[in-house]
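Engineer: Here you go, one structure.
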Amino acid sequence: MSTTTRDFLYGGMYLAACRFANVDRFVEWVSAELDLDAAADAASAAGTLRAVAEVLSPDGPIQDEETALRTLLAADLRKVAGVRLPGADTNVRDRIDGAAGAITSMLKGAGLDLGDADLHVVDEFPAPFDQFGWAAFAPDREDEERYGIPTGVYFRRDGLRPLYSEALFAHEVIHTVPGRVDPEIYAMGLEEGIAEILGTCFAATAAVPRRALRNILTYGRHGVERPKLWSLYRDHTRQAFLLYREFGIEGLVELAHRGRAKIHEAEVAVFAGTFRSLDLPRGNWNEDTTWLLDSFCNGFLPSHVFTPLEVVLVDQVDEQRSLSEVCRRANVPEAVGVPVLTRLGSESALFVRDGENIGYANVRHYQAMGEAAGQPVIRYLPPPSAAARG
Numbered sequence: 001m002s003t004t005t006r007d008f009l010y011g012g013m014y015l016a017a018c019r020f021a022n023v024d025r026f027v028e029w030v031s032a033e034l035d036l037d038a039a040a041d042a043a044s045a046a047g048t049l050r051a052v053a054e055v056l057s058p059d060g061p062i063q064d065e066e067t068a069l070r071t072l073l074a075a076d077l078r079k080v081a082g083v084r085l086p087g088a089d090t091n092v093r094d095r096i097d098g099a100a101g102a103i104t105s106m107l108k109g110a111g112l113d114l115g116d117a118d119l120h121v122v123d124e125f126p127a128p129f130d131q132f133g134w135a136a137f138a139p140d141r142e143d144e145e146r147y148g149i150p151t152g153v154y155f156r157r158d159g160l161r162p163l164y165s166e167a168l169f170a171h172e173v174i175h176t177v178p179g180r181v182d183p184e185i186y187a188m189g190l191e192e193g194i195a196e197i198l199g200t201c202f203a204a205t206a207a208v209p210r211r212a213l214r215n216i217l218t219y220g221r222h223g224v225e226r227p228k229l230w231s232l233y234r235d236h237t238r239q240a241f242l243l244y245r246e247f248g249i250e251g252l253v254e255l256a257h258r259g260r261a262k263i264h265e266a267e268v269a270v271f272a273g274t275f276r277s278l279d280l281p282r283g284n285w286n287e288d289t290t291w292l293l294d295s296f297c298n299g300f301l302p303s304h305v306f307t308p309l310e311v312v313l314v315d316q317v318d319e320q321r322s323l324s325e326v327c328r329r330a331n332v333p334e335a336v337g338v339p340v341l342t343r344l345g346s347e348s349a350l351f352v353r354d355g356e357n358i359g360y361a362n363v364r365h366y367q368a369m370g371e372a373a374g375q376p377v378i379r380y381l382p383p384p385s386a387a388a389r390g
């Protein structure tokens, strides 16, 4: 199995400060311009992505949403092309195998009683799980008895991604623990939040750079107009964060050991605001885990998302600039840009329009904040691509 352009696109995205607010649509637009499944190494993939960025970059003024979109897609592609992916020439299956030892060692060191978790990479998940669009899942003893699916961690081959799959292995292996206690209980709910914390935000730090884990969480859970399932994961992670704040890694490990019925009871306690009285041990607050959860659950601003044309214009907003000057700097004709700025002045929380000028503005503040954090605040939402629209 060789590395492909897809590997370097995704691997670079997780390490770059991209501005898209929907990762699936970004990839759809980019994939219309190149063959993501073509074999590639780091140098050839970077050259291909830069070449696509040049093709996407419009000639002349930005006249509409499409030309604005192409400008922003090109800027994100150049960021991705400039990333050096650790272990660049290692295929994803081997990356997971290499990361698994460090991940499971970290979990066992924290007291988690992991059993065997064989890794299976398949073209399709076995029924009835073939109906879901998941990249991975961890069937338990109940699934083995009812559907004949051997336990372990399953990855769909077309869902393998550098960095993301290593983090996803860390998440999925957590499910094997409560799955041994009462596998007849459905695993969704707070258990997903516990797996995000113990797996993605704790154990995965042994194998995946922290900034990549933050982007994996942000792109996946703070994406706009993505499937509702990913918002549920975000919300259950917030619930589990309350338990982590109170009880630490030790408390979450013990709760995983007690099984799904006890996790459901803890979810009720979180929702009712009585979780502090849960009979769980306290201890082991990990610095990287706390940083990731603070950033993902509390620090990130998910609401400053605009259309591509709005973002191109807002990028040039500054106090005391005229609307005409903003348009000129954005390379947008006044006839196109001024009505957009006029509307945004009354709708957004970014600036106040004073007649034909910008009176007050927080745009420069948020741009500087995003640069300092390595995570943009003002993001654009790509529309569905022509292929996605059918």
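Going by the working numbering, the letters in the sequence shown line up with residues 1 to 390, in that order. Heads up, the beta-carbon is just placed ideally off N, CA and C, and yes, glycines get one too.
Only counting the same chain, and skipping five residues up and downstream in sequence, which positions put a Cβ closer than 7 Å to that of I96?
Structural biologist: As a position in the sequence shown, residue 96 is number 96, starting the count at 1. Within the same chain, I96 has close Cβ partners L119, S165, E166 and F169.
Engineer: By how many angstroms is the C-alpha of E142 removed from the C-alpha of R19?
Structural biologist: As a working note, residue 19 is residue 19 in the sequence shown. As a working note, residue 142 is residue 142 in the sequence shown. Those two C-alpha atoms are separated by around 42 Å.
Engineer: Residues in its own chain within less than 8 Å of I263 by CB, not counting five upstream and five downstream?
Structural biologist: Reading the sequence shown from its first residue, position 263 is the one you call residue 263. Here the set comprises P178, G189, L190, E191, I194, L255 and A256.
Engineer: Would you mind stating whether A21 and L313 have Cβ atoms separated by less than 9 Å?
Structural biologist: Taking the first residue of the sequence shown as position 1, residue 21 is located at position 21. Taking the first residue of the sequence shown as position 1, residue 313 is located at position 313. Not a contact, by the Cβ cut-off of 9 Å.
Engineer: Do L163 and P308 count as a contact pair if the criterion is CB distance below 9 Å?
Structural biologist: Along the sequence shown, one-based indexing puts residue 308 at 308. Along the sequence shown, one-based indexing puts residue 163 at 163. No.
Engineer: For P394, does the count of other Cβ atoms within 10 angstroms reach 16, so buried, or fall short, so exposed?
Structural biologist: The shown model of the chain, from 1 to 390, leaves out residue 394, and the question about it has no answer.
Engineer: For the region 62–127, which segments carrying the beta strand (DSSP E) assignment without a break, of at least 3 residues, lie completely within its bounds, in sequence order?
Structural biologist: Segments of the beta strand (DSSP E) lying fully in the region 62–127: 119–122.
Engineer: Hey, which unbroken runs of the alpha helix (DSSP H) at 4 residues or more fall wholly within the region 234–317?
Structural biologist: Listed in chain order, they are 260–272, 287–293 and 308–314.
Engineer: With C-beta atoms as the reference, is D130 less than 9 Å away from G152?
Structural biologist: For the purposes of this step, residue 130 is identified with residue 130 of the sequence shown, where counting begins at 1. For the purposes of this step, residue 152 is identified with residue 152 of the sequence shown, where counting begins at 1. Not a contact, by the Cβ cut-off of 9 Å.
Engineer: Can you find at least 3 beta carbon pairs, one from the region 66–85 and one from the region 29–42, that sit closer than 8 Å?
Structural biologist: Verdict: yes, contact present.
Engineer: Please return the same chain residues whose Cβ sits closer than 8 Å to the Cβ of R157, not counting the five positions on each side in sequence.
Structural biologist: Along the sequence shown, one-based indexing puts residue 157 at 157. V121, V122 and D123, listed in sequence order.
Engineer: Counting beta carbon pairs with one atom in the region 237–257 and one in the region 278–286, are three or more of them shorter than 8 Å?
Structural biologist: Contact between the region 278–286 and the region 237–257 is present, because at least three Cβ pairs lie under 8 Å.
Engineer: Tell me A39's beta-bridge partners as DSSP assigns them.
Structural biologist: Taking the first residue of the sequence shown as position 1, residue 39 is located at position 39. Beta-bridge pairing links A39 to T4.
Engineer: Checking 9 Å against the spacing of the C-beta atoms, do T4 and A39 come in under that value?
Structural biologist: Sequence index remark: in the sequence shown, residue 4 carries index 4 (1-based). Sequence index remark: in the sequence shown, residue 39 carries index 39 (1-based). Yes, these two residues count as a Cβ contact at 9 Å.
Engineer: What residue range is occupied by the uninterrupted beta strand (DSSP E) comprising D354?
Structural biologist: Reading the sequence shown from its first residue, position 354 is the one you call residue 354. Looking at the DSSP string, the run of the beta strand (DSSP E) that includes D354 is F351 to D354.
Engineer: Going by DSSP, name the residue or residues bridged to A361.
Structural biologist: The residue given as residue 361 occupies position 361 in the sequence shown. Beta-bridge pairing links A361 to F351.
Engineer: Going by the CB atoms, is the gap between N215 and L15 shorter than 9 Å?
Structural biologist: By 1-based counting over the sequence shown, the position of residue 15 is 15. By 1-based counting over the sequence shown, the position of residue 215 is 215. Against a cut-off of 9 Å, the Cβ pair of N215 and L15 comes out as a contact.
Engineer: Excluding the 5 residues preceding and the 5 following N284 in the sequence, name in chain order all residues of the same chain whose CB lies nearer than 6 Å to its CB.
Structural biologist: Here residue 284 is taken as the residue at index 284 of the sequence shown, counted from 1. So the list reads G248, I249 and E250, once near-sequence residues are dropped.
Engineer: Once DSSP output is grouped into helix, strand and coil, what is the label at F169?
Structural biologist: Along the sequence shown, read from residue 1 onward, the residue named residue 169 stands at position 169. Helix at F169.
Engineer: Evaluate E54 with the Cβ neighbour count: other Cβ atoms within 10 Å of its Cβ, from every protein chain shown; 16 or more gives buried, anything less gives exposed.
Structural biologist: By one-based count along the sequence shown, residue 54 stands at place 54. So E54 ends up on the exposed side.
Engineer: Whole angstroms are fine: how far does the CA of R84 sit from the CA of A138?
Structural biologist: Mapped onto the sequence shown, residue 138 falls at position 138. Mapped onto the sequence shown, residue 84 falls at position 84. Their Cα atoms are separated by approximately 31 Å.
Engineer: Quick check for students: name the residue ranges of the alpha helix (DSSP H) that lie wholly in the region 192–242, counting only runs of 4 or more.
Structural biologist: Qualifying alpha helix (DSSP H) stretches, in chain order: 210–221.
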